[in-house]
Amino acid sequence: MALLTPLFAFLYHLPQVYKWLLKPYYVASLFMSIAFLAVRKTPGICDRLATQREDGNSCDFDWREVEILMFLSAIVMMKNRRAITVEQHVGNIILFSKVANVILFFRLDIRMGLLYLTLCIVFLMTCKPPLYMGPEYIKYFSDKTIDDELARDGRVTWIVEFFANWSPECQSFASVYADLSLKYNCAGLKFGKVDIGRYGEVSKKYKVSASPLSKQLPSLVLFQGGKEVMRRPQVDKKGRAVSWSFTEENIIREFNLNELYQKSKKLSKTRGDKVSQSQFPPVPEEEEPEQQGVEAQGVESESKKDK
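Residue numbers (the UniProt record's numbering): 1 to 307.
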């Protein structure tokens, strides 16, 4: 059963996986991930490679190469236990496949190892993973707008994501956060994002470390009345982030989004009533028929006197 569940999940998301793999970033990453396999199994190339196999077959893996691949496969399985999206699963597989290739190429020939490592560095500097470009109800802040927007209306609750574009965790979380904004955004509950990799002053003011070693990316902070109420992941007294999974279920439960949404809908209704009342002037009360008759008789008598 433990093996069938990931298999069914992969088959369910197979169209989405194909869509990702057709992008240039993933196509190039796929070729780099299978580079050592291609070199070891390609006739005419593998015949010239060194091997530690007893039978002398240089076109097959030796026992040490199999051991390295099995060890890194176990690391990938452990890493993917905390993955929240299929994209993150694929990213972990690609990342550790490249690490395995570096180790295997250096073990095989230091020149091939240096060449492959150089290609990985160039790829990392020139190619970036595709960013999420789907629908969302999210306001993007800068260092000059975040404070004013949070304090503009004390009745509005804000959930703000502090992220960095270079962080793989932030890139994987982008689609989850966008889905939450589509489901829960309203007049009294709004979603925002600020790139602390770009605005370092925001990182210092709101105490969200942009270091890759801090494990605070992404960070979700709930603001009410312009003040912070809670954040995930939490930070202990030593400044270390407490491990937390950014799944949609965890966010809905921890931030009480269903309850916040119901309260925020009431705020939007009261705002709508006030707007409708201010748009239309009050209708003057009609005079009673008896009073209109008395005034008409008075006008007739005055006209007779004038005659």
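Using N, Cα and C, we set each Cβ at its ideal position, and we do this for glycine too.
- prompt: Nearest-angstrom Cα distance between Val-99 and Glu-54?
  reply: Walking along the sequence shown from the start, residue 99 turns up at place 99. Walking along the sequence shown from the start, residue 54 turns up at place 54. Taking the straight line joining both Cα atoms gives about 27 Å.
Neighbourhood of Val-176 by C-beta distance below 6 Å, restricted to the same chain and skipping five residues each side: Here residue 176 is taken as the residue at index 176 of the sequence shown, counted from 1. Excluding sequence neighbours, Val-176 sits near Glu-248.
message: Counting C-beta neighbours from all protein chains within 10 Å, is the total for Ser-203 16 or more, i.e. buried, or is it exposed?
response: The residue you call residue 203 lines up with position 203 of the sequence shown. Result: buried.
message: Would Ser-181 and Glu-136 qualify as a contact pair, given that the criterion is a beta-carbon distance under 8 Å?
response: On the sequence shown, position 181 is the one that residue 181 refers to. On the sequence shown, position 136 is the one that residue 136 refers to. Yes, they are a contact pair.
- request: Just tell me which of Gly-56, His-89 and Arg-48 has its CA closest to the CA of Phe-173.
  value: Counted from its first residue, the sequence shown places residue 173 at position 173. Looking from the CA of Phe-173, the closest CA among Gly-56, His-89 and Arg-48 belongs to His-89.
task: Alpha carbon to alpha carbon, how far is Lys-205 from Val-156? Give it in angstroms, no decimals.
output: Position 156 of the sequence shown, counting from 1, holds the residue named residue 156. Position 205 of the sequence shown, counting from 1, holds the residue named residue 205. Take the alpha-carbon of Val-156 and the one of Lys-205: they are about 21 Å apart.
message: Distance check for Glu-259 and Lys-23, CA to CA, integer angstroms please.
response: Walking along the sequence shown from the start, residue 23 turns up at place 23. Walking along the sequence shown from the start, residue 259 turns up at place 259. Using only the alpha carbons, I get a separation of about 40 Å.
task: Take every Cβ of the stretch 185 to 205, pair it with every Cβ of the stretch 157 to 167, and state whether three or more of those distances are shorter than 8 Å.
output: With a cut-off of 8 Å, the stretch 157 to 167 and the stretch 185 to 205 count as touching, because enough Cβ pairs lie within range.
Inter-residue spacing [alpha-carbon to alpha-carbon] between Ala-2 and Glu-149: For the purposes of this step, residue 2 is taken as the residue at position 2 of the sequence shown. For the purposes of this step, residue 149 is taken as the residue at position 149 of the sequence shown. Note on Ala-2: pLDDT 43, under 50, position unreliable in the model; the coordinate value appears next. Looking at the two C-alpha atoms, the distance is approximately 47 Å.
message: Could you give the first and the last residue of the continuous alpha helix (DSSP H) run that contains Trp-63?
response: If you number the sequence shown from 1, residue 63 lands on position 63. In the DSSP assignment, Trp-63 falls within the alpha helix (DSSP H) that extends over 63 to 80.
- request: Alpha carbon to alpha carbon, how far is Ile-75 from Ala-112? Give it in angstroms, no decimals.
  value: Indexing the sequence shown from 1 puts residue 112 at position 112. Indexing the sequence shown from 1 puts residue 75 at position 75. First, the residue type needs correcting, since residue 112 is Met and not Ala in the sequence shown. Whole-angstrom Cα-Cα distance: 24 Å.
task: Identify every run of the alpha helix (DSSP H) within the stretch 89 to 139, keeping only runs that are complete inside it and at least 4 residues long; order them along the chain.
output: List check, alpha helix (DSSP H) in window: 110 to 126.
query: Looking at C-alpha atoms only, which residue of Leu-108, Gln-171 and Ser-245 is the closest neighbour of Gln-52?
result: The count along the sequence shown starts at 1 and reaches residue 52 at position 52. The option with the nearest alpha carbon to Gln-52 is Leu-108.
field: Per DSSP, the bridge partner or partners of residue 356
entry: In the structure as shown, the chain begins at 1 and stops at 307. Residue 356 is therefore absent and cannot be evaluated.
message: Beta-carbon within less than 6 Å of Val-221's beta-carbon, same chain only, minus the 5 sequence neighbours each way: which residues are those?
response: In the sequence shown, residue 221 corresponds to position 221, counting from 1. Annotation for Val-221: Val-160, Glu-228 and Arg-231 place their beta carbon closer than 6 Å to its own, counting only its chain and skipping 5 residues before and after.
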